[in-house]
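Student: One structure follows; several queries about it will come next.
Residue numbers (our numbering): 200 to 292.
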């Protein structure tokens with residue numbers, strides 16, 4: 200039985216990145232860019248309410264890293280068509 204696979208050449212292959220070494224300092228993000236974990240009671244109350252009412256939010260569908268900040272202020276965006284999002288943006292899972 201002959202090999203029917205087509206072998207394609209790799210064109211413009213990027214050079215492999217150098218692995219981090221213990222002597223190379225690790226680049227850190229500034230403190231202001233980091234999202235903190237939600238700890239305020241308002242976040243947990245709102246999350247329970249969303250689950251209880253079986254609502255779908257853009258925040259959860261898009262896996263928004265700022266969900267803790269917004270929900271702690273009781274701010275969220277609900278999808279009115281249930282789990283169907285009409286925005287077709289690249290953020291949703």
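All C-beta atoms in this analysis are idealised placements derived from N, C-alpha and C, irrespective of residue type, glycine included. Bear in mind that the values here come from a model prediction, so they are computed numbers and not experimental data.
Measuring straight from C-alpha to C-alpha, what distance separates residue 207 and residue 201?
Tutor: Spanning the two alpha carbons is a distance of roughly 17 Å.
Student: Going residue by residue through the stretch 225-284, where are the continuous alpha helix (DSSP H) segments of at least 4 residues, counting only ones entirely within it?
Tutor: The stretch 225-284 contains these whole alpha helix (DSSP H) runs: 240-251, 257-260, 266-271.
Student: Can you round the beta-carbon distance between residue 271 and residue 241 to whole angstroms, since I take them to be within the 8 Å contact cut?
Tutor: Contact flag correct, Cβ pair sits at about 5 Å.
Student: Let's test the definition: count the other Cβ atoms within 10 Å of the Cβ of residue 266 and tell me whether it reaches 16, buried, or not, exposed.
Tutor: Counting Cβ neighbours within 10 Å, residue 266 comes out buried, since at least 16 surround it.
Student: Count the other CB atoms, across all protein chains shown, that sit within 10 Å of the CB of residue 258; report buried if there are 16 or more and exposed otherwise.
Tutor: Flag for residue 258 reads buried.
Student: Am I right that residue 284 and residue 262 are in contact with their C-beta atoms under 8 Å? What's the rounded C-beta distance?
Tutor: That pair is no contact at about 13 Å.
Student: Of the choices 211, 232, 245, whose alpha-carbon is the least far from that of residue 275?
Tutor: The residue with the shortest Cα to Cα distance from residue 275 is 245.
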